[in-house]
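Presented below is the structure to which this report refers.
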Amino acid sequence: MFLDNLSTSVLKLCDTRRLSYEAASERCDLSSRYFADIARGKTAPTILTLEKLCVGFDLTPNDLLIPSELWREMAFREPMPVTHIRCFHFFHGLTGFPVCPQCGRTLEREYQPYCDRCGQCLDWKGFSKATIILPQK
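Residue 79 in full-length UniProt numbering is what sits at position 79 of the sequence shown, and the numbering runs on without skipping anything.
What follows is the structure, given as structure tokens:
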């Protein structure tokens, strides 16, 4: 699994950054043959080689080794600050609801730990300074 994830990440990086194996291997201070073996999943790199790959591509080990789908899913576990309040016309004035920073939908109530629609973990520390979004006319 480790080799598959690393191989997939290296291939995606070369493709998205339009790098040949030679150019990518130079960035990572590795021989082009060894880099190609890593990209094809034919060799298990050492920790030092992994560090060279991270430095060469300017990524963390997590970015390099954890599949992007799983990484996005785990990002929902990291609290995001609630920074906006959306106001609506109500019977005798305006009423406001906090806005989820991930999905952009209004939350049912303040200080709930997770968005009830997308599951994003919420951080309420700076909520007292939230930006107010007024209704459009």
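Note that beta-carbon positions come from the ideal geometry of N, C-alpha and C, so glycine has one too. The structure displayed is predicted, hence computed values, not measured ones.
Per-residue DSSP class, three states only, for PHE97: Looking at PHE97 - three-state DSSP - the assignment turns out to be strand.
Going by other Cβ atoms of all chains shown within 10 Å of its Cβ, with 16 needed for buried, is LEU30 buried or exposed? Answer is buried; the Cβ neighbour count reaches 16.
Check whether the Cβ atoms of PHE2 and ALA39 lie closer than 9 Å to each other. Taking 9 Å as the Cβ cut-off, PHE2 and ALA39 do not qualify as a contacting pair.
Check TYR114 in the structure and name its three-state DSSP category. Looking at TYR114 - three-state DSSP - the assignment turns out to be strand.
Have a look at PHE35 and ILE132 and give me their C-alpha separation to the nearest angstrom. The alpha-carbon atoms of PHE35 and ILE132 are separated by roughly 51 Å.
Go through the UniProt domain "HTH cro/C1-type" (17-64) residue by residue and report every complete run of the alpha helix (DSSP H) that reaches 4 residues or more, in order. Listed in chain order, they are 21-27, 32-39, 47-57.
Start and end of the beta strand (DSSP E) containing THR131? Per DSSP, THR131 belongs to the beta strand (DSSP E) from 131-133.
What residue range does the beta strand (DSSP E) around HIS89 cover? Where HIS89 is concerned, the enclosing beta strand (DSSP E) stretches over 84-90.
DSSP state of LEU11, grouped into three classes? Here LEU11 sits in helix by DSSP.
With 16 other Cβ atoms within 10 Å as the buried cut-off, status of PHE90: Under this definition PHE90 is an exposed residue.
Relative to the alpha-carbon of LEU50, which residue among LYS129, HIS92, VAL10, GLU108 has its alpha-carbon at the smallest distance? Nearest of LYS129, HIS92, VAL10, GLU108 to LEU50, Cα basis: VAL10.
Can you tell me which of PHE57, GLN102, CYS115, THR106 puts its alpha carbon nearest to the alpha carbon of GLU26? It is PHE57 whose Cα lies nearest to the Cα of GLU26.
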